[in-house]
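Colleague: Got a structure for you, questions after.
2 protein chains.
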Amino acid sequence: MEPWQLSAAEAAGRIKAGTLTAEALTRSCLERIAEREPVVKAFTYLDPLLALNSARRVDKGYEPGILHGLPFAVKDMIDTADMPTSHNSPLYEGLRQGRDAACVGVARAEGAVIIGKTDTVEFAAAGRRALTRNPHDPTRTPGGSSSGSAAAVADGMVPLAFGTQTGGSTIRPASFCGVHGMKPTHGVVNTEGAKRYSHTLDTIGWYGRTPADLRLVAQAFRFYGIDNPRALTPTGLRIALCPGPNWALAAPEAREALATAGKRLEAAGAIVEDFTLPPPFGEVTEAQLAVLYGEGRGAFLAEALTDPGRLHDDFHDRVNNFQGVSPQRMLWAYDLAAECRKLFDGFFPRFDAVLTPAAAGEAPVGRQDTGNPVFNSMWTLLHVPCIGIPCIKGPNGMPVGVQIVGPRFGDAELLDVAEAVSPVIMG
Amino acid sequence: MEPWQLSAAEAAGRIKAGTLTAEALTRSCLERIAEREPVVKAFTYLDPLLALNSARRVDKGYEPGILHGLPFAVKDMIDTADMPTSHNSPLYEGLRQGRDAACVGVARAEGAVIIGKTDTVEFAAAGRRALTRNPHDPTRTPGGSSSGSAAAVADGMVPLAFGTQTGGSTIRPASFCGVHGMKPTHGVVNTEGAKRYSHTLDTIGWYGRTPADLRLVAQAFRFYGIDNPRALTPTGLRIALCPGPNWALAAPEAREALATAGKRLEAAGAIVEDFTLPPPFGEVTEAQLAVLYGEGRGAFLAEALTDPGRLHDDFHDRVNNFQGVSPQRMLWAYDLAAECRKLFDGFFPRFDAVLTPAAAGEAPVGRQDTGNPVFNSMWTLLHVPCIGIPCIKGPNGMPVGVQIVGPRFGDAELLDVAEAVSPVIMG
Chain A
0 MEPWQLSAAE
10 AAGRIKAGTL
20 TAEALTRSCL
30 ERIAEREPVV
40 KAFTYLDPLL
50 ALNSARRVDK
60 GYEPGILHGL
70 PFAVKDMIDT
80 ADMPTSHNSP
90 LYEGLRQGRD
100 AACVGVARAE
110 GAVIIGKTDT
120 VEFAAAGRRA
130 LTRNPHDPTR
140 TPGGSSSGSA
150 AAVADGMVPL
160 AFGTQTGGST
170 IRPASFCGVH
180 GMKPTHGVVN
190 TEGAKRYSHT
200 LDTIGWYGRT
210 PADLRLVAQA
220 FRFYGIDNPR
230 ALTPTGLRIA
240 LCPGPNWALA
250 APEAREALAT
260 AGKRLEAAGA
270 IVEDFTLPPP
280 FGEVTEAQLA
290 VLYGEGRGAF
300 LAEALTDPGR
310 LHDDFHDRVN
320 NFQGVSPQRM
330 LWAYDLAAEC
340 RKLFDGFFPR
350 FDAVLTPAAA
360 GEAPVGRQDT
370 GNPVFNSMWT
380 LLHVPCIGIP
390 CIKGPNGMPV
400 GVQIVGPRFG
410 DAELLDVAEA
420 VSPVIMG
Chain B
0 MEPWQLSAAE
10 AAGRIKAGTL
20 TAEALTRSCL
30 ERIAEREPVV
40 KAFTYLDPLL
50 ALNSARRVDK
60 GYEPGILHGL
70 PFAVKDMIDT
80 ADMPTSHNSP
90 LYEGLRQGRD
100 AACVGVARAE
110 GAVIIGKTDT
120 VEFAAAGRRA
130 LTRNPHDPTR
140 TPGGSSSGSA
150 AAVADGMVPL
160 AFGTQTGGST
170 IRPASFCGVH
180 GMKPTHGVVN
190 TEGAKRYSHT
200 LDTIGWYGRT
210 PADLRLVAQA
220 FRFYGIDNPR
230 ALTPTGLRIA
240 LCPGPNWALA
250 APEAREALAT
260 AGKRLEAAGA
270 IVEDFTLPPP
280 FGEVTEAQLA
290 VLYGEGRGAF
300 LAEALTDPGR
310 LHDDFHDRVN
320 NFQGVSPQRM
330 LWAYDLAAEC
340 RKLFDGFFPR
350 FDAVLTPAAA
360 GEAPVGRQDT
370 GNPVFNSMWT
380 LLHVPCIGIP
390 CIKGPNGMPV
400 GVQIVGPRFG
410 DAELLDVAEA
420 VSPVIMG
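As given, the protein sequences belong to chains A and B, one line each in that order.
For the first sequence, numbering that gives the first Met the number 0 assigns the number 0 to the initial residue and increments by one for each residue that follows.
For the second sequence, numbering that gives the first Met the number 0 assigns the number 0 to the initial residue and increments by one for each residue that follows.
Rendered as structure tokens:
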């Protein structure tokens with residue numbers, strides 16, 4: 000077994016035990032990248048010598064951090080002090096920022112080896128798509144906007160990678176690529192240094208191959224309760240099986256994934272209960288769009304004024320309020336979201352987690368359509384933690400996942416549930 | 000009259016008419032700065048040649064922007080591509096970022112001459128204070144955290160300057176320095192590139208010498224309704240005279256300012272009505288602190304891990320949750336804020352504006368105590384627009400202001416009210 004094949008948690012264990020170095024792991028990942036990158040195209044920036052030097056510096060460190068020696072890829076709309084941050088936009092080609100984004104700073108301080116930048120939909124929002132291909136079928140999208148990060152983790156190029164989620168940009172690619180992904184409670188991880196689209200929605204997320212990998216990153220960010228994990232088993236866990244208000248948009252394989260996950264959990268002893276969200280939740284998907292477009296008006300104003308000719312029309316559309324979102328509509332959306340957040344928290348501790356689709360189906364063919372975010376965007380607006388878990392293969396052999404969702408700030412508890420249910424859901 | 004003595008709106012008029020150039024105005028401001036800076040100490044970075052070159056570039060421009068040729072100072076925790084951004088922190092001394100913060104980008108694209116960086120409380124939050132003195136009395140603080148920006152506008156060094164407000168960092172210094180200040184609706188101005196303290200609270204604000212100056216900046220940011228100003232007179236305006244839940248903390252001169260503003264407005268024909276906020280508002284000040292400290296936990300984590308020795312203890316306190324804010328407490332604060340935001344919007348259009356204290360009294364003596372933010376912090380959490388207006392002189396001859404407050408997204412309407420009431424309130 001090559002080091003690149005190890006999960007983050009496994010690799011961290013070997014590094015701690017002294018049987019693996021940051022340098023050896025980074026070198027193995029770089030070899031995997033060199034082999035696969037011509038097909039997968041996950042990276043926008045990769046300097047092998049820089050990465051190896053970062054790894055050697057970690058190996059020389061006095062105090063091992065939580066992410067000690069683990070190669071970590073960064074979505075290319077999150078700033079890095081030692082690499083350009085291009086946002087997949089001609090406006091920022093080769094842009095060098097003077098300091099790391101807050102999330103990168105934390106990962107680096109905890110010993111992560113920042114290995115390179117991964118391709119993204121332009122500004123993690125619209126416009127140009129990533130060049131990245133789905134490692135399971137290069138004719139298909141890995142999803143977006145965290146395209147390169149999801150694909151890189153799925154393909155063994157790196158054990159961990161940062162994405163972001165404003166609509167469905169972390170959890171949907173996790174489903175399409177067959178990896179675990181986490182979108183934590185909004186606001187817990189500082190988004191400073193990541194491109195702004197919507198301050199109400201933008202959330203830093205990450206990918207790993209197991210729930211234990213996701214937990215390592217949550218530990219680095221000092222999540223509430225993260226240091227008191229509960230060793231749970233599926234037996235007796237109360238799971239709300241929630242097709243949600245957008246069920247009509249789920250392809251057969253997405254429906255099958257949810258049903259399969261439910262059956263597998265029930266067979267493992269969990270108490271799985273059909274769960275319908277009450278009426279106000281039916282409008283949360285629409286409210287997310289109002290917030291997204293309303294806040295998008297200000298998000299790209301500087302770019303639209305500074306370099307209009309090179310800014311994609313999609314962003315001029317947002318600045319020009321192409322959806323005609325009124326302040327009244329935004330207030331409706333803000334106030335509905337606030338009401339539903341409180342309501343949703345109230346479903347706990349009656350349930351340990353809500354189980355719901357992670358994507359509308361398999362990854363679409365081509366590069367342009369990165370998939371429908373509709374099974375993610377309402378949770379993003381609700382600010383609740385979501386963990387994507389692979390489940391079945393669809394009719395084309397592509398991965399199809401599900402997600403579990405918890406109450407606001409219930410991230411650590413949801414990780415406990417994920418560790419218990421992930422092996423069952425994966426079958 | 001020297002050009003530096005012109006308000007932003009006056010200077011903009013002359014530049015438009017061709018009787019003043021960006022270069023001449025910038026040169027005049029630089030002369031004023033050279034004369035006064037030894038006493039006021041408003042700037043952390045100022046390169047006269049760079050500023051003059053920026054002004055000449057504006058003079059050569061084809062299309063005049065909304066802020067064409069107006070010198071604009073930037074609080075030194077907001078990124079600028081051509082000047083360092085030091086955050087008044089030893090961690091970021093001389094830091095060079097690769098691109099402008101979003102607000103700076105907009106101002107620059109609209110023709111503003113970014114003239115220099117102004118001193119701030121460390122990270123606009125805690126720790127080290129600015130060196131800046133109050134231009135009205137150098138033994139006193141100009142307030143914080145936007146210390147240098149408020150003082151620079153008050154002292155004629157620049158017609159316009161960016162500040163920020165997370166507690167009371169824009170409106171309180173406006174009161175202490177006797178200038179107009181605006182804290183717009185939260186989220187309307189993209190905070191990207193300004194240091195994060197609290198994503199729920201951080202708001203970009205600005206200073207000018209008149210409401211018309213404030214309006215220019217709001218125009219640059221394409222505020223809803225800003226292009227349809229109403230020419231109002233004080234006659235018939237419905238003003239809610241609102242001491243607010245923290246009235247007990249108001250010094251006699253703050254009480255006198257509110258009473259005087261109310262009387263002057265009444266004498267000018269406004270309908271001034273005593274107004275008491277209903278009970279849930281009594282807890283909003285406490286809720287703001289819960290959000291501030293709760294979100295501050297993540298805001299400074301990267302700094303605390305990366306360079307603990309040089310980070311002020313105040314920030315370690317926040318990372319270590321020195322106030323012991325629990326997730327439950329944060330949820331209480333978030334949900335209370337959401338409830339009160341909706342309630343507050345409901346007071347309009349019954350009123351045209353809420354009139355309330357801008358600060359607890361005159362600027363304190365010394366540099367350490369930048370004043371109590373308690374008359375600002377609840378409005379910051381409520382996300383509503385606030386405009387600070389100078390009113391009286393206190394017992395020590397220092398300025399004491401008031402503020403008018405509107406509903407969320409009512410910024411343009413509040414500016415209309417400010418233009419009508421400011422000359423009356425100033426007496």
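Ideal Cβ positions, reconstructed from N, Cα and C, are used throughout, including at glycine.
(1) Please decide whether residue 229(A) counts as near chain C, where near means a Cβ-Cβ distance under 7 Å.
(2) Quick test of your reading: residue 213(B) and residue 414(B), contact by CB under 8 Å. State the CB separation rounded to the nearest angstrom.
(3) Which stretch, first to last residue, makes up the alpha helix (DSSP H) that contains residue 415(B)?
(4) Quick one: what's got a C-beta closer than 7 Å to residue 406(B)'s C-beta in the same chain, skipping five residues either side?
(5) Give the DSSP-derived three-state secondary structure of residue 394(A) in the structure shown.
(6) Let's see if you can read the secondary structure: which residues bound the alpha helix (DSSP H) around residue 292(A)?
(7) CA-CA distance, residue 105(A) and residue 64(A)?
(8) Grouping DSSP H, G and I as helix and E and B as strand, with all else coil, what is residue 406(B)?
(9) Which residues in chain A sit within 7 Å of residue 56(B), going by Cβ to Cβ distance?
(10) Leaving out five residues before and five after residue 128(B) in sequence, what residues of the same chain have Cβ atoms less than 7 Å from its Cβ?
(11) Starting from residue 164(A), trace the alpha helix (DSSP H) in both directions and tell me its first and last residue.
(12) Would you call residue 404(A) buried or exposed, if buried means 16 or more other Cβ atoms sit within 10 Å of its Cβ?
(13) Should residue 426(B) go down as buried or exposed, given a rule of 16 or more other Cβ atoms within 10 Å for buried?
(14) Select from the region 398-423 of chain B all residues with a C-beta closer than 7 Å to any C-beta belonging to chain A, and list them in chain order.
(15) Taking residue 192(A) and residue 99(A) to be in contact with their CB atoms under 8 Å, please state how far apart those CB atoms are, rounded to whole angstroms.
(16) If you compare alpha carbons, which of 285(B), 324(B), 349(B) and 392(B) is closest to residue 335(B)?
(17) So is residue 227(A) buried or exposed if we call it buried at 16+ other beta carbons inside 10 Å?
(18) Once DSSP output is grouped into helix, strand and coil, what is the label at residue 307(B)?
(19) I want to know whether the region 170-177 of chain B touches the region 388-405 of chain B - three or more CB-CB distances under 8 Å.
(20) Residue 238(B) bridges to which residues according to DSSP?
(21) Looking at C-beta atoms only, is the number of pairs between the region 23-31 of chain A and the region 1-9 of chain A that lie closer than 8 Å three or more?
(22) Go through its chain and collect everything with a Cβ distance to residue 390(A)'s Cβ below 7 Å, but skip five positions before and after it.
(23) Just to confirm the assignment, what range does the alpha helix (DSSP H) spanning residue 25(B) have?
(24) What in chain B is Cβ-close to residue 344(A), meaning under 8 Å?
(25) Answer with buried or exposed for residue 333(A), where buried requires no fewer than 16 other C-beta atoms within 10 angstroms of its C-beta.
(26) Is the beta carbon of residue 103(A) less than 7 Å from the beta carbon of residue 73(A)?
(27) Check whether the region 52-63 of chain B and the region 203-217 of chain B touch, using three or more Cβ-Cβ pairs below 8 Å as the test.
(28) Within 10 angstroms of its Cβ, does residue 48(A) collect 16 or more other Cβ (buried), or is it exposed?
(29) Quick check: does the Cβ of residue 94(A) come within less than 6 Å of any heavy atom belonging to the ligand PLP?
(30) Can you give me the start and stop residues for the alpha helix (DSSP H) that residue 379(B) sits inside?
(31) So, is the C-beta of residue 226(B) closer than 7 Å to a C-beta in chain A?
(32) Just curious, the alpha helix (DSSP H) that residue 170(B) is in, first and last residue?
(33) For residue 15(B), count the other beta carbons within 10 Å of its own beta carbon; 16 or more makes it buried, fewer makes it exposed. Which is it?
(34) So residue 246(A) is in the beta strand (DSSP E); what residue range does that whole segment cover?
(35) Between which two residues does the alpha helix (DSSP H) holding residue 251(A) run?
(36) Identify the contact partners of residue 96(A) in chain B, using a Cβ-Cβ distance below 8 Å as the criterion.
Modeller: Concretely, from the data shown:
(1) Although the question refers to chain C, the structure presented lacks it and instead comprises the protein chains A and B.
(2) By 1-based counting over the second sequence, the position of residue 213(B) is 214. By 1-based counting over the second sequence, the position of residue 414(B) is 415. Right, the Cβ-Cβ distance comes to about 6 Å (below 8 Å), so this counts as a contact.
(3) Position 416 of the second sequence, counted from the start, is the residue given in the question as residue 415(B). That run of the alpha helix (DSSP H) goes 410-425.
(4) In the second sequence, counting from the first residue as 1, residue 406(B) sits at position 407. So the qualifying residues of the chain are 343, 344, 347 and 383.
(5) Translated into positions along the first sequence, residue 394(A) becomes position 395. Three-state result, residue 394(A): coil.
(6) Your numbering for residue 292(A) matches position 293 in the first sequence. According to the DSSP assignment, residue 292(A) belongs to the alpha helix (DSSP H) that extends over 283-298.
(7) Within the first sequence, residue 105(A) is the residue found at index 106, counting from 1. Within the first sequence, residue 64(A) is the residue found at index 65, counting from 1. Going by the C-alpha atoms only, they are around 10 Å apart.
(8) Mapped onto the second sequence, residue 406(B) falls at position 407. Coil, per DSSP.
(9) Working through the second sequence from its first residue, we reach residue 56(B) at position 57. The contacting residues do not exist; residue 56(B) stays about 13 Å from chain A at best.
(10) By one-based count along the second sequence, residue 128(B) stands at place 129. So the qualifying residues of the chain are 120, 143, 366, 367 and 369.
(11) Position 165 of the first sequence, counting from 1, holds the residue named residue 164(A). Careful: residue 164(A) lies outside any alpha helix (DSSP H), inside the beta strand (DSSP E) at 159-164.
(12) Numbered from its first residue, the first sequence carries residue 404(A) at position 405. That one is buried.
(13) Translated into positions along the second sequence, residue 426(B) becomes position 427. Exposed, by the Cβ-count rule.
(14) 407 and 408
(15) Translated into the one-based positions of the first sequence, residue 192(A) becomes position 193. Translated into the one-based positions of the first sequence, residue 99(A) becomes position 100. Contact flag correct, Cβ pair sits at about 7 Å.
(16) Locating residue 335(B) in the second sequence gives position 336, counting from the first residue. The candidate whose alpha carbon is nearest that of residue 335(B) is 285(B).
(17) Here residue 227(A) is taken as the residue at index 228 of the first sequence, counted from 1. The residue is exposed, with fewer than 16 neighbouring Cβ atoms inside 10 Å.
(18) Working through the second sequence from its first residue, we reach residue 307(B) at position 308. Here residue 307(B) sits in helix by DSSP.
(19) yes
(20) Residue numbering aside, residue 238(B) sits at position 239 when the second sequence is read from its first letter. Paired residue(s): 271(B) and 352(B).
(21) yes
(22) Numbered from 1 along the first sequence, position 391 holds the residue referred to as residue 390(A). Result list for residue 390(A): 256, 259, 260, 399, 400, 401, 424 and 425, in chain order.
(23) Numbered from its first residue, the second sequence carries residue 25(B) at position 26. Where residue 25(B) is concerned, the enclosing alpha helix (DSSP H) stretches over 21-39.
(24) Counting from one through the first sequence, the residue named residue 344(A) turns up at place 345. Near residue 344(A) (Cβ distances below 8 Å), the residues of chain B are 330.
(25) Taking the first residue of the first sequence as 1, we reach residue 333(A) at position 334. Per the 10 Å Cβ criterion, buried.
(26) As a working mapping, residue 103(A) is identified with position 104 in the first sequence. As a working mapping, residue 73(A) is identified with position 74 in the first sequence. Result yes, Cβ atoms of residue 103(A) and residue 73(A) sit closer than 7 Å.
(27) no
(28) Translated into positions along the first sequence, residue 48(A) becomes position 49. Looking at its Cβ environment, which holds fewer than 16 other Cβ atoms inside 10 Å, residue 48(A) is exposed.
(29) Among the ligands in the structure shown, none appear at all, so the ligand PLP cannot be discussed.
(30) For the purposes of this step, residue 379(B) is identified with residue 380 of the second sequence, where counting begins at 1. Looking at the DSSP string, the run of the alpha helix (DSSP H) that includes residue 379(B) is 376-381.
(31) Indexing the second sequence from 1 puts residue 226(B) at position 227. At a cut-off of 7 Å between C-beta atoms, residue 226(B) does not count as an interface residue with respect to chain A.
(32) What you label residue 170(B) is simply residue 171 of the second sequence in a count that begins at 1. Segment 170-176, the alpha helix (DSSP H) holding residue 170(B).
(33) The residue you call residue 15(B) lines up with position 16 of the second sequence. Burial call: exposed.
(34) To locate residue 246(A), count along the first sequence from 1; it is residue 247. No beta strand (DSSP E) holds residue 246(A); DSSP gives it neither H nor E.
(35) The count along the first sequence starts at 1 and reaches residue 251(A) at position 252. Looking at the DSSP string, the run of the alpha helix (DSSP H) that includes residue 251(A) is 251-266.
(36) Here the question's residue 96(A) lines up with position 97 in the first sequence. The contacting residues are 96, 97 and 98.
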